[in-house]
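Participant: Sharing a structure here in structure tokens format.
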Amino acid sequence: MRQLIVRAGSACPLFAKLAAFGLALALTFGCSSGDDGGGSNSSDSNSNLVVSSSSSIASSTPSSSSVTSSSSSSIMTYILTCADVPSIGKVGTTINPPTVTCNDIAVISGLDWTSAPNWNNPAIGTYSSISVTASSGNCSGKSATCSGTLTVQSNVVYGAPVTYEGETYETVVIGTQTWMARNLNYDVPDNDTDVCYDNDPANCAISGRLYNWATANTVCPSGWHLPTLLEWATLTSYVRDVATKLKARNGWTMYCGNGTDDYGFSALPGGAGTSLLGFLGGGLGYWWSATESSNAQASYIYINCNVGANKEGKSAQYSVRCVKD
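Residue numbers (this note's numbering): 1 to 325.
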């Protein structure tokens, strides 16, 4: 370090100039208003000031590396992602959709799905190219494609087939019950209480025969019987959305159209026969129950856009669906 002794008067301006250049100095000076630079005296020396300065003394202007513009702050980018879809599902049984995230944070609401099933009530089919779009939150308006293919399978569980009077009937297990998978089509010999709708045998081949209540109670094969109203209720309480899921996939031209036949029940509109008005309700399905409501009437169920129960005179002719003992 260099040492420079500067006299007052000339030293103060010189110090300012030297400091501006960042020089390392050790200055001993006395800046007295009466000092003209011609010598020193005792009072001057007592007021001498020693200033140490290193090379770090610099201009007050900040360096460019220390300046950060607020306009250079980063902007967050949001990305929507969708995980793989499940490969297998069951019809009518809730399927958990693939996980959707926005910047690794799960998104559980405000999602619009494309090419996907109803996750809470899926229908039979194969679903591929499923995608999702967020309608709210940070990823609102962004979409993502979910990889994989989902196959929704039938819930049909088949029982042992039954051969009866020359015809074979498939059977299906629905909950705790086993049902025939189609309406009975047994022509009781020498009996005019069972008929084909409109007296057309082609209708019997499609939707089975129509029976009055007394005959209906006797026509199911051994080990099977006409279901009571309570047994019908057991079936309908097990199957959600009965009017859709018990209907066959073809054959319904009225009353909300065809169903999905999720359980293989394959209900068809067999219509009804009456003693006074002839054949009615060809677009509806009516099935007897074994439950009497009075001496003259018995209970039946019907399926159209809904499923319900009512009572009718025992001479009416309705379809028969047998349930296993």
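For each residue, glycine too, the CB sits at the ideal point set by N, CA and C.
Helix, strand or coil for residue 298 per DSSP?
Facilitator: Three-state result, residue 298: strand.
Participant: Using only the alpha-carbon positions, how far apart do residue 268 and residue 78 sit?
Facilitator: Residue 268 and residue 78: Cα-Cα distance of roughly 52 angstroms.
Participant: Is it right to say residue 180 is buried, meaning 16 or more other beta carbons lie within 10 angstroms of its own, or is it exposed?
Facilitator: Per the 10 Å Cβ criterion, buried.
Participant: How about residue 83 and residue 107: do their beta carbons lie closer than 9 angstroms?
Facilitator: Cβ distance not < 9 angstroms, so residue 83 and residue 107 don't count as in contact.
Participant: With distance defined between alpha-carbon atoms, name the residue in 320, 249 and 263 nearest to residue 239.
Facilitator: Among 320, 249 and 263, the Cα nearest to that of residue 239 belongs to 263.
Participant: Report the option in 258, 152, 270 and 247 whose CA atom is closest to the CA atom of residue 194.
Facilitator: Comparing Cα positions, the closest option is 270.
Participant: In this structure, how does DSSP classify residue 317 when only helix, strand and coil are distinguished?
Facilitator: Correct three-state label for residue 317: strand.
Participant: Determine the closest residue to residue 286 out of 317, 260, 182 and 127, with distance taken between C-alpha atoms.
Facilitator: Of the listed residues, the one whose Cα sits closest to residue 286 is 317.
Participant: Throw me the rounded Cβ distance for the residue 247 and residue 153 pair, which I believe falls under 8 angstroms.
Facilitator: That pair is no contact at about 19 angstroms.
Participant: Three or more C-beta pairs under 8 angstroms: does that hold for the segment 189 to 208 against the segment 229 to 245?
Facilitator: The segment 189 to 208 is not in contact with the segment 229 to 245.
Participant: Where are the beta strand (DSSP E) runs, 3 residues long or more, that stay fully inside the segment 82 to 152, in chain order?
Facilitator: The qualifying runs are 88 to 90, 100 to 102, 111 to 114, 125 to 127, 131 to 134 and 143 to 145.
Participant: Using DSSP with H/G/I as helix, E/B as strand and the rest coil, what is residue 181?
Facilitator: In this structure, residue 181 counts as coil in the three-state DSSP scheme.
Participant: Among all the DSSP beta bridges, which residues are the ones paired with residue 219?
Facilitator: Bridge partners of residue 219: none, in fact.
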